[in-house]
Amino acid sequence: MDAYDCIVTKLEVREFDVNSLVPSEIRLKILEAARLTGSSLNTQPWRFIVVQNQDNLRKLSDDSTSGKWISGANFAIIIITNPYFRFHLIDAGKVVQNMQLAAWNFGVGSALFTGIDEQKIRDDFALPLDYKPVIVVGFGYPKKRITGKSKKKKRLPMTELVSFEEYGIATSKNRI
788 MDAYDCIVTK
798 LEVREFDVNS
808 LVPSEIRLKI
818 LEAARLTGSS
828 LNTQPWRFIV
838 VQNQDNLRKL
848 SDDSTSGKWI
858 SGANFAIIII
868 TNPYFRFHLI
878 DAGKVVQNMQ
888 LAAWNFGVGS
898 ALFTGIDEQK
908 IRDDFALPLD
918 YKPVIVVGFG
928 YPKKRITGKS
938 KKKKRLPMTE
948 LVSFEEYGIA
958 TSKNRI
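The numbering of the sequence shown is the numbering used here, which starts it at 788 and goes up by one.
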């Protein structure tokens, strides 16, 4: 899929087809997309914990304040970062975006949550003390067939988002 089409059509998916497993080749490509993501000063402050066992997905759901749906995912990835590095959260966002777009390219849906009970997730998944759990992403084939092209995204218009030269100078098609 074209990268722009991937961005335009990607939707957050929190309901997964429990009968369709994501092949290991695609899982590896998702992880490779993460590994190849650029980071501040090439610090690569992230580490990834792949959770695929159903009991552990339920445990991950219990460790969440906003991601109970994760128990229905085919697999999840816990992104932990080293907060010693100043831009670790920006880098975490970049790596998640790349994973989600790589997944969507293969028809694999995903969604993320940041509502994490840090102590529980630390205990349940043996996180090292120098890393912080920052984002969890669940992956799987969507339960309902969606393309993203048929569903209109609720986004602010460009004129409300973009200014030129200084804040408040509205966009116009002639300026872009």
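In this text, a Cβ means the ideal position worked out from N, Cα and C, and glycines have one as well.
Span separating the alpha-carbon of K941 from that of T868: 31 angstroms
Of the residues Q841, S807, Q887 and K816, which one's Cα is nearest the Cα of T796? Q887
Does the stretch 807-822 touch the stretch 849-863, meaning 3 or more C-beta pairs lie closer than 8 angstroms? yes
Please name the residue in D849, I857, Q841 and S827 whose C-alpha comes closest to that of D878. S827
May I have the straight-line CA-CA distance separating N840 from K855, to the nearest angstrom? 16 angstroms
Based on the DSSP output, what are the partners of R834 in its beta bridges? I867
G825 versus R814, I836, S858 and L876, residue with shortest Cα-Cα distance: L876
For F872 and T830, believed in contact at Cβ under 8 angstroms, the rounded distance: 5 angstroms
L943 in three-state terms, based on DSSP: coil
Determine the DSSP secondary structure at S950, reduced to helix, strand or coil. strand
Have a look at T852, V883 and R814 and flag the residue whose alpha-carbon is nearest the alpha-carbon of V838. R814
Got a sec? Which residues, its chain only, sit under 7 angstroms from V800 by beta carbon, not counting five neighbours each side? G896, S897, A898 and P929
Given this structure, state the Cα-to-Cα distance separating I857 from I956, to the nearest angstrom. 42 angstroms
Once you ignore the five residues that flank W891 on each side, which residues in its own chain have a CB closer than 6 angstroms to its CB? C793 and K797
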